[in-house]
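Report on the following structure.
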Amino acid sequence: MNSSVMNSSAMSRPSRTGAYLAVELAGAGRHPAAWRLADAAPGELFTAGYWTGLAQLADIAGLDFLVIPDSFTPPAEGPGAEATVRGRLDAVAIAARVAPVTTSVGLVPAATVTHTEPFHLSKAIATLDFVSTGRAGWQPSVSRTQAEADLFGRKGVAPADVLWREAGEAVEVVVRLWDSWEDGAVVRNVSTGRYVDRDKLHYIDFTGEFFSVKGPSITPRSPQARPPVVVHLNEGVPDGADEPGALAVAGRWADAVRVSAADLGAAAEARTRVRGSVSDAGRDPDAVPVLLDVSTLLASTADEAARTADRLDGWAEAAGQPAADLSGSVSWVGTAERLAGLIGDAVGGGAADGVTLVPWALPSGLRLVADELVPLLRERGLRPAAAPGGGLRDRFGLSRPANYFTEAGV
Amino acid sequence: MSGGMSGTRKKLIHLAAHFPGVNNTTVWSDPASGSQTDFASFVHFARNAERGLFDFMFLAEGLRLREHRGQIHDLDVVGRPDTFTVLNAIAAVTTHLGLGGTINTTFNEPVEIAKQFASLDHLSGGRAAWNLVTSSDAFTGENFRRGGFLRPEQRYDRAAEILEVAKEWWDSWAGDAVRADRAGGVFVPDGAISPVRHVGEQFDVRGRFDTPRSPQGYPVLLQSGDSDPGREFGAATADAIFSRHGTLEAGQAFFADVKGRMPRHGRRPDDLKILPAATFVLGDTPADAEERADHVRRQQVGGQTAIAFLEQVWGRDLSGYDPDGPLPDIDPDPQNVSITRGRVRHERDTMALARQWRELAESKRLSIRELIIETTARQSFIGTPAQVAEQIDSYVQADASDGFILVPHLTPGGLDNFVAKVIPELQDRGSFRTSYAGPTLRDNLFQNTPDALAGEALAGESGNLSG
Chain X
3 MNSSVMNSSA MSRPSRTGAY LAVELAGAGR HPAAWRLADA APGELFTAGY
53 WTGLAQLADI AGLDFLVIPD SFTPPAEGPG AEATVRGRLD AVAIAARVAP
103 VTTSVGLVPA ATVTHTEPFH LSKAIATLDF VSTGRAGWQP SVSRTQAEAD
153 LFGRKGVAPA DVLWREAGEA VEVVVRLWDS WEDGAVVRNV STGRYVDRDK
203 LHYIDFTGEF FSVKGPSITP RSPQARPPVV VHLNEGVPDG ADEPGALAVA
253 GRWADAVRVS AADLGAAAEA RTRVRGSVSD AGRDPDAVPV LLDVSTLLAS
303 TADEAARTAD RLDGWAEAAG QPAADLSGSV SWVGTAERLA GLIGDAVGGG
353 AADGVTLVPW ALPSGLRLVA DELVPLLRER GLRPAAAPGG GLRDRFGLSR
403 PANYFTEAGV
Chain U
322 MSGGMSGTRK KLIHLAAHFP GVNNTTVWSD PASGSQTDFA SFVHFARNAE
372 RGLFDFMFLA EGLRLREHRG QIHDLDVVGR PDTFTVLNAI AAVTTHLGLG
422 GTINTTFNEP VEIAKQFASL DHLSGGRAAW NLVTSSDAFT GENFRRGGFL
472 RPEQRYDRAA EILEVAKEWW DSWAGDAVRA DRAGGVFVPD GAISPVRHVG
522 EQFDVRGRFD TPRSPQGYPV LLQSGDSDPG REFGAATADA IFSRHGTLEA
572 GQAFFADVKG RMPRHGRRPD DLKILPAATF VLGDTPADAE ERADHVRRQQ
622 VGGQTAIAFL EQVWGRDLSG YDPDGPLPDI DPDPQNVSIT RGRVRHERDT
672 MALARQWREL AESKRLSIRE LIIETTARQS FIGTPAQVAE QIDSYVQADA
722 SDGFILVPHL TPGGLDNFVA KVIPELQDRG SFRTSYAGPT LRDNLFQNTP
772 DALAGEALAG ESGNLSG
């Protein structure tokens, strides 16, 4: 759990000067003992107040987006499980609940595609875009385990390449459904009596290896038309290695990619692979930022951070919890000052276009991001002085997308 | 059956607010009509319903756009947002209003529904409500990977079993599972999460659920079937039933029938609220209200809409007929019942209905459009605020219902006047609350019967429905 060695020379190509900055909000934080800290709120984890508090901190800090992880994975069992946070709420629900009380931060819930219907996901994310007036995104995830499959009882487990082929189809269906209503389809023409121009509604008629979906969506085109798709390249992969299937989905569909890497050198290599995959899909790699996951334990002094880390690790050890793999990625225990340096190195050296912070402990880990890290990054020209207006696509410099059905002349 | 009245105390009226939906009841052509999808419309509607101390707001659902004569039906509102997502967002801008929606049981799995309702209930502090609907049509199934597979006679079996499994998931976490005991180092003790194993006709699932028990335990359960199995299902499991019985006599008969079934399921009549759907038009004088009501009906049933209604019954292309002229002289085509798809059909025998309509049109000398207005668009309550309050109150006090789910014709302001003018009249009559009874929907829906809150007592009973 120590910070990794930074190697700023391992660059693949020059990069932008600014750094994308996102945060993952997982329960009480990524460390299994985080809920025991005095400034944690373990009794509040399943309340709206807890999540609106976190989201408003991210909003105030001017972060580009927050990610809410999710899965159907059953609560932990075995040694140390009692001392682990068990239970979670639906991530799209949390994102919708915080949308009306935040103003600028992008809202990116994870939603699994392995056992769920892309038709439902499409309208859920489009609706998140309506209720957040254009700040929705989506992180599609796969369900790998037999335990998850058993909750549904409809199919067995599949190897990673199959799961990601299926996920690719699911994302395609979701995006086609978003396009199934053209802009301006609702005409409300009183003289003809027509509420919609049905020539602007499209059957998607998708037929793939895994399922077929007719369309159109029941939900009109949302403010952003296509909320950004964020692919976490090696989520849940024990050794942090790329999965070719995930890389292909990222290349074709991602508007931003999260990578986990052990150090900046590995991050730069991962970024190069992502850019290659995006190019292979016929897209512009400069339009798809790669964000490195950095798990963080921040404190005002390095000593204090180290003491907190020791306390957390001590609790975990005493509870018999297995040594935690905090994100399978670069980890930082220390001051915001040094973390700002790390982020500058990562972006300046071409290892990443930004970072997704994965706090060990919440809400404390986010408070220092807002109070100390972001002001430092602003001083260094790595973050804008104020949160820009507009939606999440605007954060990524994405223009309004063309519609597949008008583009293709369907 | 007295509906639990004691002494001279009046029954408390329960009201729900139906967000205007995608049929011709919703008048989109009016200058006052706003967006059906922008969140601001939902905020306006919800806050107004909460100002009026309604029990809950309600969102309907349809998972495929309606089609008529092979094309997407474009005369009514088309399209709406996702139910769960809107309700969670509405939770942020309200504090006591219940948040109800239809969620189809055919195209969802129990574990997903259980997690989504538990999440909504947590994030709203106990205000979630679920209207269970089961569809059997392959038309809607084309939007889903599992397709349309359900035989019509399996509908209530599916509904009962999905509810049974959802309850198993919800019950699998002890109510006090989350200890969050820092000093003892126990977040959730072992044994507080029970594994679920369910093998039935529809589902074969097992495992441990990942969402803690929510404030209400289960969402408030709503139901809307009118068939015999539908009534039985409602009497056994529902917290509220949406019915469609407009007249006092039909309402009383339905009320007595459903509440009479409840003791066999170990339930008391007060454990279930019967809320017919109702429309209303307010005016400054009785004549003004009648005039407005007539105007609204003509907005709801334009000439093309009248023809489309007739085509649903006739099963034929009638676009050549004049809506302001007489009914077609040709007979319906009884084979072609699927001219309209993606819409709930309430009539089964279209030949008989056509005969009935023809007789009505001839006796009253009605044009096509006048006939459709007469048979489909007459509002439940028309009058001054005092008159409408009187009608609603007398209907409820006569045990024809426990209240109503109001379906306004305008988005988003369709309930504004009702809340401003009728609610105070009902309060003056002593038959409507002046403040919410508690933070959860169950607290408010069962305001008169606080001891009915023992949800656990009902938990084990759904098994007798799935056999």
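Top to bottom, those sequences are chains X and U. Whatever position you read off the first sequence (first residue = 1), add 2 for my numbering. Whatever position you read off the second sequence (first residue = 1), add 321 for my numbering. Glycine is no exception: its CB is placed at the ideal position from the N, C-alpha and C atoms. Source: prediction; values computed, not measured.
Alpha carbons only, please: which of the options is nearest the one belonging to residue i?
i	options	result
P597 of chain U	U:P341, U:Q544, U:V520	U:Q544
F212 of chain X	U:V526, U:K331, U:G468	U:G468
Q656 of chain U	U:Q633, U:Y642, U:S640	U:Q633
P71 of chain X	X:A311, X:A95, X:A85, X:T86	X:A95
F530 of chain U	U:R686, U:I393, U:P516	U:P516
F460 of chain U	U:R662, U:Q392, U:T606	U:R662
A675 of chain U	U:R589, U:A574, U:D650, U:R686	U:D650
A194 of chain X	U:F340, U:V343, U:H389, U:G623	It should be noted that the sequence gives Thr, not Ala, for residue 194 of chain X. Among U:F340, U:V343, U:H389, U:G623, the Cα nearest to that of T194 of chain X belongs to U:G623.
I62 of chain X	X:S401, X:P403, X:G399, X:E374	X:E374
A410 of chain U	X:L68, X:T75, X:T54, X:F74	X:T54
A42 of chain X	X:V110, X:G20, X:D244, X:A363	X:A363
H389 of chain U	X:W317, X:R200, X:G20	X:R200
V335 of chain X	X:G316, X:S366, X:L299	X:L299
R466 of chain U	X:V261, X:G170, X:P120	X:P120
R503 of chain U	X:E306, X:L123, X:W317	X:W317
R372 of chain U	U:A741, U:R750, U:A758	U:A741
Taking C-beta to C-beta, are residue i and residue j nearer than 8 angstroms?
i	j	result
P533 of chain U	A571 of chain U	no
V509 of chain U	R88 of chain X	yes
V173 of chain X	V215 of chain X	no
G247 of chain X	S279 of chain X	no
P653 of chain U	W635 of chain U	yes
T104 of chain X	Q141 of chain X	no
V177 of chain X	R137 of chain X	no
F360 of chain U	L418 of chain U	no
H117 of chain X	S134 of chain X	no
G64 of chain X	A264 of chain X	no
R385 of chain U	Q357 of chain U	no
S445 of chain U	D92 of chain X	no
Q323 of chain X	G139 of chain X	no
A258 of chain X	L293 of chain X	yes
F725 of chain U	A599 of chain U	yes
Tell me which same chain residues have a C-beta within less than 6 angstroms of the C-beta of residue i, skipping the five on either side of it?
i	result
V360 of chain X	E26, R32, D295, S297, S329
A561 of chain U	L543, K594, L596
T770 of chain U	Confidence at T770 of chain U is low in this model, with a pLDDT of 48, below 50, so its placement is unreliable and the value that follows should be read with caution. These residues qualify, in order along the chain: D591.
L314 of chain X	H33, A35
V743 of chain U	P706, V709, A710
Check the DSSP bridge columns for residue i and list the partner residues they point to.
i	result
N452 of chain U	U:T423, U:L543
R527 of chain U	U:R518
I726 of chain U	U:A337, U:A598
T298 of chain X	X:W334, X:P361
L380 of chain U	U:G422
V215 of chain X	X:F208
E26 of chain X	X:V69
D502 of chain U	U:V507
L203 of chain X	X:W183
I562 of chain U	U:Q544, U:I595
I703 of chain U	U:V602
I651 of chain U	The partner list for I651 of chain U (beta bridge, DSSP) is empty, contrary to what the question assumes.
P111 of chain X	X:I70
Spatial neighbours of residue i within its chain, please: CB distance less than 7 angstroms, with the 5 preceding and 5 following residues excluded, ordered by chain position.
i	result
E456 of chain U	According to the sequence displayed, residue 456 of chain U carries Ser and not Glu. For S456 of chain U, where only same-chain residues beyond five positions count, the Cβ hits under 7 angstroms are N425, T427.
CB-CB under 8 angstroms to residue i, same chain, minus the five flanking residues each way: which ones, in chain order?
i	result
Y406 of chain X	V177, R178, D181, V412
L68 of chain X	A24, V25, E26, L27, L56, A57, A60, V107, G108, L109, V110
A126 of chain X	V94, A113
Given 8 angstroms, three or more beta-carbon pairs between the segment 759-769 of chain U and the segment 615-633 of chain U: No: the two stretches stay apart, fewer than three of their Cβ pairs being nearer than 8 angstroms.
Three-pair Cβ contact test at 8 angstroms for the segment 417-429 of chain U versus the segment 133-152 of chain X: No, the segment 417-429 of chain U is not in contact with the segment 133-152 of chain X.
The segment 158-174 of chain X touching the segment 377-386 of chain X, judged by at least three CB pairs closer than 8 angstroms: Because the criterion of three Cβ pairs below 8 angstroms is not met, the segment 158-174 of chain X and the segment 377-386 of chain X do not touch.
The segment 340-347 of chain U / the segment 730-737 of chain U touching (three or more Cβ pairs under 8 angstroms): Touching, yes.
Stretch-stretch touch, CB-based, cutoff 8 angstroms, three pairs: the segment 478-493 of chain U with the segment 431-450 of chain U: At 8 angstroms Cβ cutoff, the stretches touch.
Contact between the segment 702-719 of chain U and the segment 553-567 of chain U (3+ Cβ pairs under 8 angstroms): Touching, no.
Touching by the beta-carbon criterion (3+ pairs, under 8 angstroms), the segment 204-211 of chain X and the segment 228-243 of chain X: Too few Cβ pairs lie closer than 8 angstroms, so no.
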